[in-house]
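Encoded as structure tokens, the structure appears first; notes follow it.
There are 4 protein chains.
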Amino acid sequence: MKIAFIGLGNMGAPMARNLLKAGHALTVFDLNTQAVGALVEAGAMAAASPKDAATGAETVITMLPAAAHVRHVLTAEDGVLAGIAKGVPIIDSSTIDPASVKAFAALAAEHGNTFVDAPVSGGTGGAAAGTLTFMVGGTAQAFEQVRPVLSAMGNNLVHCGDTGAGQGAKICNNLVLGITMAGVAEAMSLGEALGIDPKVLGGIINTSTGRCWSSDTYNPFPGVIETAPSSRGYTGGFGTDLMLKDLGLAGDAAKSVRQPVYLGALAQQLYQTVSSKGDGKLDFSAVIKLYRKDGAA
Amino acid sequence: MKIAFIGLGNMGAPMARNLLKAGHALTVFDLNTQAVGALVEAGAMAAASPKDAATGAETVITMLPAAAHVRHVLTAEDGVLAGIAKGVPIIDSSTIDPASVKAFAALAAEHGNTFVDAPVSGGTGGAAAGTLTFMVGGTAQAFEQVRPVLSAMGNNLVHCGDTGAGQGAKICNNLVLGITMAGVAEAMSLGEALGIDPKVLGGIINTSTGRCWSSDTYNPFPGVIETAPSSRGYTGGFGTDLMLKDLGLAGDAAKSVRQPVYLGALAQQLYQTVSSKGDGKLDFSAVIKLYRKDGAA
Amino acid sequence: MKIAFIGLGNMGAPMARNLLKAGHALTVFDLNTQAVGALVEAGAMAAASPKDAATGAETVITMLPAAAHVRHVLTAEDGVLAGIAKGVPIIDSSTIDPASVKAFAALAAEHGNTFVDAPVSGGTGGAAAGTLTFMVGGTAQAFEQVRPVLSAMGNNLVHCGDTGAGQGAKICNNLVLGITMAGVAEAMSLGEALGIDPKVLGGIINTSTGRCWSSDTYNPFPGVIETAPSSRGYTGGFGTDLMLKDLGLAGDAAKSVRQPVYLGALAQQLYQTVSSKGDGKLDFSAVIKLYRKDGAA
Amino acid sequence: MKIAFIGLGNMGAPMARNLLKAGHALTVFDLNTQAVGALVEAGAMAAASPKDAATGAETVITMLPAAAHVRHVLTAEDGVLAGIAKGVPIIDSSTIDPASVKAFAALAAEHGNTFVDAPVSGGTGGAAAGTLTFMVGGTAQAFEQVRPVLSAMGNNLVHCGDTGAGQGAKICNNLVLGITMAGVAEAMSLGEALGIDPKVLGGIINTSTGRCWSSDTYNPFPGVIETAPSSRGYTGGFGTDLMLKDLGLAGDAAKSVRQPVYLGALAQQLYQTVSSKGDGKLDFSAVIKLYRKDGAA
Numbered sequence: 001m002k003i004a005f006i007g008l009g010n011m012g013a014p015m016a017r018n019l020l021k022a023g024h025a026l027t028v029f030d031l032n033t034q035a036v037g038a039l040v041e042a043g044a045m046a047a048a049s050p051k052d053a054a055t056g057a058e059t060v061i062t063m064l065p066a067a068a069h070v071r072h073v074l075t076a077e078d079g080v081l082a083g084i085a086k087g088v089p090i091i092d093s094s095t096i097d098p099a100s101v102k103a104f105a106a107l108a109a110e111h112g113n114t115f116v117d118a119p120v121s122g123g124t125g126g127a128a129a130g131t132l133t134f135m136v137g138g139t140a141q142a143f144e145q146v147r148p149v150l151s152a153m154g155n156n157l158v159h160c161g162d163t164g165a166g167q168g169a170k171i172c173n174n175l176v177l178g179i180t181m182a183g184v185a186e187a188m189s190l191g192e193a194l195g196i197d198p199k200v201l202g203g204i205i206n207t208s209t210g211r212c213w214s215s216d217t218y219n220p221f222p223g224v225i226e227t228a229p230s231s232r233g234y235t236g237g238f239g240t241d242l243m244l245k246d247l248g249l250a251g252d253a254a255k256s257v258r259q260p261v262y263l264g265a266l267a268q269q270l271y272q273t274v275s276s277k278g279d280g281k282l283d284f285s286a287v288i289k290l291y292r293k294d295g296a297a
Numbered sequence: 001m002k003i004a005f006i007g008l009g010n011m012g013a014p015m016a017r018n019l020l021k022a023g024h025a026l027t028v029f030d031l032n033t034q035a036v037g038a039l040v041e042a043g044a045m046a047a048a049s050p051k052d053a054a055t056g057a058e059t060v061i062t063m064l065p066a067a068a069h070v071r072h073v074l075t076a077e078d079g080v081l082a083g084i085a086k087g088v089p090i091i092d093s094s095t096i097d098p099a100s101v102k103a104f105a106a107l108a109a110e111h112g113n114t115f116v117d118a119p120v121s122g123g124t125g126g127a128a129a130g131t132l133t134f135m136v137g138g139t140a141q142a143f144e145q146v147r148p149v150l151s152a153m154g155n156n157l158v159h160c161g162d163t164g165a166g167q168g169a170k171i172c173n174n175l176v177l178g179i180t181m182a183g184v185a186e187a188m189s190l191g192e193a194l195g196i197d198p199k200v201l202g203g204i205i206n207t208s209t210g211r212c213w214s215s216d217t218y219n220p221f222p223g224v225i226e227t228a229p230s231s232r233g234y235t236g237g238f239g240t241d242l243m244l245k246d247l248g249l250a251g252d253a254a255k256s257v258r259q260p261v262y263l264g265a266l267a268q269q270l271y272q273t274v275s276s277k278g279d280g281k282l283d284f285s286a287v288i289k290l291y292r293k294d295g296a297a
Numbered sequence: 001m002k003i004a005f006i007g008l009g010n011m012g013a014p015m016a017r018n019l020l021k022a023g024h025a026l027t028v029f030d031l032n033t034q035a036v037g038a039l040v041e042a043g044a045m046a047a048a049s050p051k052d053a054a055t056g057a058e059t060v061i062t063m064l065p066a067a068a069h070v071r072h073v074l075t076a077e078d079g080v081l082a083g084i085a086k087g088v089p090i091i092d093s094s095t096i097d098p099a100s101v102k103a104f105a106a107l108a109a110e111h112g113n114t115f116v117d118a119p120v121s122g123g124t125g126g127a128a129a130g131t132l133t134f135m136v137g138g139t140a141q142a143f144e145q146v147r148p149v150l151s152a153m154g155n156n157l158v159h160c161g162d163t164g165a166g167q168g169a170k171i172c173n174n175l176v177l178g179i180t181m182a183g184v185a186e187a188m189s190l191g192e193a194l195g196i197d198p199k200v201l202g203g204i205i206n207t208s209t210g211r212c213w214s215s216d217t218y219n220p221f222p223g224v225i226e227t228a229p230s231s232r233g234y235t236g237g238f239g240t241d242l243m244l245k246d247l248g249l250a251g252d253a254a255k256s257v258r259q260p261v262y263l264g265a266l267a268q269q270l271y272q273t274v275s276s277k278g279d280g281k282l283d284f285s286a287v288i289k290l291y292r293k294d295g296a297a
Numbered sequence: 001m002k003i004a005f006i007g008l009g010n011m012g013a014p015m016a017r018n019l020l021k022a023g024h025a026l027t028v029f030d031l032n033t034q035a036v037g038a039l040v041e042a043g044a045m046a047a048a049s050p051k052d053a054a055t056g057a058e059t060v061i062t063m064l065p066a067a068a069h070v071r072h073v074l075t076a077e078d079g080v081l082a083g084i085a086k087g088v089p090i091i092d093s094s095t096i097d098p099a100s101v102k103a104f105a106a107l108a109a110e111h112g113n114t115f116v117d118a119p120v121s122g123g124t125g126g127a128a129a130g131t132l133t134f135m136v137g138g139t140a141q142a143f144e145q146v147r148p149v150l151s152a153m154g155n156n157l158v159h160c161g162d163t164g165a166g167q168g169a170k171i172c173n174n175l176v177l178g179i180t181m182a183g184v185a186e187a188m189s190l191g192e193a194l195g196i197d198p199k200v201l202g203g204i205i206n207t208s209t210g211r212c213w214s215s216d217t218y219n220p221f222p223g224v225i226e227t228a229p230s231s232r233g234y235t236g237g238f239g240t241d242l243m244l245k246d247l248g249l250a251g252d253a254a255k256s257v258r259q260p261v262y263l264g265a266l267a268q269q270l271y272q273t274v275s276s277k278g279d280g281k282l283d284f285s286a287v288i289k290l291y292r293k294d295g296a297a
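Residue numbers (our numbering), protein chains in the order written: chain F, 1 to 297; chain E, 1 to 297; chain D, 1 to 297; chain G, 1 to 297.
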């Protein structure tokens, strides 16, 4: 299939490579010419603009930092909608707010195109391995239409509901994540202050009702889980500023439906404090710094 | 071994039965004569007072609602310390604050006795099946001393650290639990308001980074997990008022070491609101009532 | 002076009337033709569009619900910037976020115009009486330039700092307001539950260190302050949804500078809960409903 | 009148002096013999124990750090109840929880004595000047009985309701205080980050709806109010650990009546963080350190 891929960042680049490996013909676009060059070496064709990439494509995929970028890539003079043929689906794998998704879907519909939200989880590792989870919003028909393309990049394709539901599901998962991580940080630090060995406490939580990914896989206390960012100085992993972005999306989505998110709003302030102290690039489990007496992390 | 068991409530009674089954000679005391009668039928002897029960015992076990009860049972004129022989260990399996544990241990030490905190997790089911987890605080020697007795009631004995560390570990686990449950309630309700099917959302969270016991085993949204209290009207399970008690203990323990518990304090207010509306007896996952638009649960 | 006034809502209409009373020549625009008609009867001229209103004006004033409206009124084909002469100042008295203000000021500068943010406090009463407070952002020169016009509508003109600082100051004040109101609601409800007479408690707070406008002028407990919305069923006053909007602006402004707003974020969730229960049109002091045992307010 | 005064700390000592000045015959007790010596020089008699002080007294006053001290002073073998004559009122001006007050009142009633809670506001300045506010709990008759004694120490005597209502009122006021101070700290720091001059922002808040004692009298931003602790390095004033104690009492009182205190619980965590970082002795307005980017205060 002839596919246009726009946005070759940390996630987009390996996703695009998996499309090539699956035998698709790929035209790529990114402002970063180095990223484009690497994909061209791998067999892709370079486009001069989103419009150029979309022209003649049978599917268009976007993977961008925020809703404003998606809007620009779609609607600019040299944007996707200026080049795309009627009936060609647009898959957006960026993480953005559901309200923007609905607006973009309406714009696409005016041009005779389907716009499907398909944000991912699984990180850069999953992107490289082709084992991403795609959370897809759109009609059942649209989901079936994009399934073959997505299956080259991920192995868990979930149809979450109508347009925007993919983003909604991802936001809700990351809302839980942001809360549980800060909650585990709180409890591990309290345990430390009470004189309990962190490994023992981690072991108890992980075999009891407090069990969660933030404790058993990604524990924020150094040394409890050897493979977690906390055990390598909070480097790598999922940055605090990215968690802040996602909790901001959750807050905005909640506001749009007048839904309270008490713990989410408070967790957001905790990560904001971390970022405000200059640690926004550290893994989000560095939130434990706020709790430990010496600010250690 | 000759064991005194004081406190035959929902947890204490089945724990005492398992000691009988393991062949121990048991003397029991409770203000509830019916509970005492049932144990006597099962082979225990009834004592007239905690002092009477402790006299001649080789181990004393207490399982009581709160620290004030433990204090009374220990120090009253007809209390345990008035009857116990020097060198006999006292095991307290109540859930109380670490500071009280330390005070009781000091009192016991004055009388020549070791006081071990050994709160449990596993609920009434685990108590009946003899599969409780015991979180034990005390010296390594004390832990070894009480291990044979505890192993008749539980299959997971964890030495958490010095006196009080058992309570500390339980409190920290339940702090995480109280936070994650409210967090999952928040996210599931947001998902509902955004139009996402709760079962689909539950499925995504449970295979992603939001994964936790509060979602994959005890999800607060009705119908997501068929065996959870939420699927039977929030009956049975772990009552909101019990969660309130445990978050209160966490708050007190945190205060004693000047340790902030932001999310725990907020979660406590959420459960307090549930209780204040008259739903304190419902399972603690009923906290989702605060979030769903129609107050449904 | 020849003034264009765009936006004749509850606040804008009485403000425009005071400009007429001060002898200014006024051209007005609003989508609501009835509102325009009332002003024309009072001596204003009706414009066919913002562009039309701005053409020939010596000062342009906008008073609109949100940043999106300001953007449209400025930049639409028939917008202000299409008609305004170079050097004419634009005064925006809407309550919007500082980042948007800066964007609009940049747009205006490209056209050779100064854009001054000048949000108000004082409510519809102050608007009618001409006693508003204007919080002004811009250069000292711009402040001096718009002072004569503003003084016809308000009696307290404060130069808060550079472009956006007027909005920033208003947002910060309303952040305090949203927090103190919920805090007073919390304390008055606790006092009620403890059996203290609300009028006695109000009296103590108002003569002690808890003293604040939310208690001594606008107490949320019915009957404590006879002139407050709480004493007339939470009607009139400042709607919960407007408070929600302002706390949302505070949250956005805080996010833009990575500044934590713990209490503001939590207060926002409390008002969001009120709104989510269908009471968004009630005065924001109705937040006390969340606290009182019977949900009374 | 013959009065016994127990507890000669920073508040108690000047209160006792004012009783002497008013011509009362005073017998005093404190563990600190230096404090006792100073009062004896001023004309008081020293007692060997609370029992000794209470023997023959017509009124007994206690001013102690916490409920545990009051309990000991009342019930010890050489305590007040061992010496006091029937019918003599006991006035407790300590700040403690309403539940303890009720327990002490019941104990006193068994001995034929009235126990009146009468916590104060006004600080050491008000104690020295005899201008304290007394918040009194008890029957109307008991209030009239203690009024002449209290009027020698304060000029604002408020009957708040039945036994415990005086403590309840003080707790509710300080709950508002703890919240508004943190709220003002949040807003002033946000304003600073947005580039608004703190004095200008303080001026706007103090003449607008955000007006409160925490802003117009005790503003936490240095230099806004010259006489506030913030303008002298957060020394003097009302210590963070004392605010923590009072918010703890508010939380306990709220728990006892199942009343949520969302903002109070969050504010408590903020002050706890300050204390946890080693700044518990600083004035409570130092909570602004948590918000300002450089941790400055």
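Don't be surprised by glycine CBs; every beta carbon is placed ideally from N, CA and C. Predicted, not measured: the structure shown is a model, and the values here were computed from it.
- prompt: Near residue 182(E), which residues of its chain fall below 7 Å by C-beta distance, leaving aside the five closest residues on each side in sequence?
  reply: For residue 182(E), where only same-chain residues beyond five positions count, the Cβ hits under 7 Å are 267, 270, 287.
query: Should residue 64(F) be labelled buried (16 or more other beta-carbon atoms within 10 Å of its own) or exposed?
result: Per the 10 Å Cβ criterion, buried.
- prompt: So, using beta-carbon positions, are residue 70(D) and residue 29(D) closer together than 8 Å?
  reply: At least 8 Å separates the beta-carbon of residue 70(D) from that of residue 29(D).
task: Give the residues from the stretch 267-285 of chain E that approach chain D closer than 7 Å (Cβ to any Cβ), ordered along the chain.
output: If you check each beta-carbon in the stretch 267-285 of chain E against every beta-carbon of chain D, the ones closer than 7 Å belong to 276.
message: Using a Cβ-Cβ cutoff of less than 6 Å, which residues in the same chain neighbour residue 124(D) once the five nearest sequence positions on both sides are dropped?
response: Only 10 meet the Cβ criterion.
task: Compute the Euclidean distance between the alpha carbons of residue 217(F) and residue 158(E), then round it to the nearest angstrom.
output: The straight-line gap from Cα to Cα measures roughly 21 Å.
- request: Could you pull out every residue in the same chain whose Cβ sits closer than 8 Å to the Cβ of residue 108(E), ignoring the five residues on either side in sequence?
  value: Its chain contains 74, 81, 90, 114, 115 as the residues whose beta carbon lies nearer than 8 Å to that of residue 108(E), once the 5 sequence neighbours on both sides are disregarded; these appear in chain order.
query: So which residues on chain D does residue 289(E) lean against when the C-beta distance must stay under 9 Å?
result: The premise fails here: residue 289(E) is roughly 12 Å from chain D at the closest Cβ pair, so nothing lies under 9 Å.
- prompt: In the stretch 115-175 of chain E, which residue ranges form an unbroken alpha helix (DSSP H) of at least 4 residues, counting only runs that do not cross its ends?
  reply: If you keep only unbroken alpha helix (DSSP H) runs of at least 4 residues inside the stretch 115-175 of chain E, you get 123-129, 140-150.
- request: Measuring only between beta-carbons, confirm whether residue 98(F) sits less than 8 Å from chain D.
  value: Cβ-Cβ to chain D under 8 Å: no for residue 98(F).
- prompt: Should residue 280(E) go down as buried or exposed, given a rule of 16 or more other Cβ atoms within 10 Å for buried?
  reply: Classification of residue 280(E): buried, given that the 10 Å Cβ count is 16 or more.
query: Would residue 303(F) count as contacting chain G if we go by Cβ distances under 8 Å?
result: The question about residue 303(F) has no answer here: the residues shown for chain F are numbered 1 through 297.
query: Within 10 angstroms of its Cβ, does residue 32(D) collect 16 or more other Cβ (buried), or is it exposed?
result: Exposed.
query: Can you check whether the CB of residue 59(F) is closer than 8 Å to the CB of residue 7(F)?
result: No, the pair does not count as a contact, with Cβ atoms beyond the cut-off.
query: Given that residue 251(F) touches chain E, what residues does it touch there, using C-beta distances under 8 Å?
result: Chain E residues near residue 251(F): none, gap ~10 Å exceeds 8 Å.
task: Give the single residue among 152(F), 85(F), 228(F), 94(F) whose Cα lies nearest to the Cα of residue 18(F).
output: Of the candidates 152(F), 85(F), 228(F), 94(F), 152(F) places its Cα closest to the Cα of residue 18(F).
- prompt: Along chain D, in chain order, which residues have C-beta atoms closer than 7 Å to that of residue 155(G)?
  reply: The contacting residues do not exist; residue 155(G) stays about 11 Å from chain D at best.
field: Residues of its chain near residue 126(E), where Cβ-Cβ distance is below 7 Å and the 5 sequence neighbours each way are ignored
entry: Counting only Cβ-Cβ distances below 7 Å, and skipping sequence neighbours, we find 132.
field: Listed by chain order, chain D residues near residue 262(F) by CB distance under 8 Å
entry: Within 8 Å Cβ-Cβ: 266, 269.
message: Below 8 Å, how does it come out for the stretch 84-100 of chain E and the stretch 165-177 of chain E: are there three or more Cβ pairs, yes or no?
response: Contact check between the stretch 84-100 of chain E and the stretch 165-177 of chain E: three or more CB pairs, one atom from each, fall below 8 Å, which counts as touching.
message: Spatial neighbours of residue 140(F) within its chain, please: C-beta separation below 8 Å, excluding the five flanking residues on both sides.
response: Excluding the 5 residues flanking it on each side, residue 140(F) has same chain C-beta neighbours closer than 8 Å at 159, in chain order.
message: Helix, strand or coil, according to DSSP, for residue 257(F) in the structure here?
response: Three-state result, residue 257(F): coil.
- prompt: Who are the neighbours of residue 191(E) on chain F, taking C-beta pairs under 8 Å?
  reply: Those are 168, 169, 172, listed as they occur along chain F.
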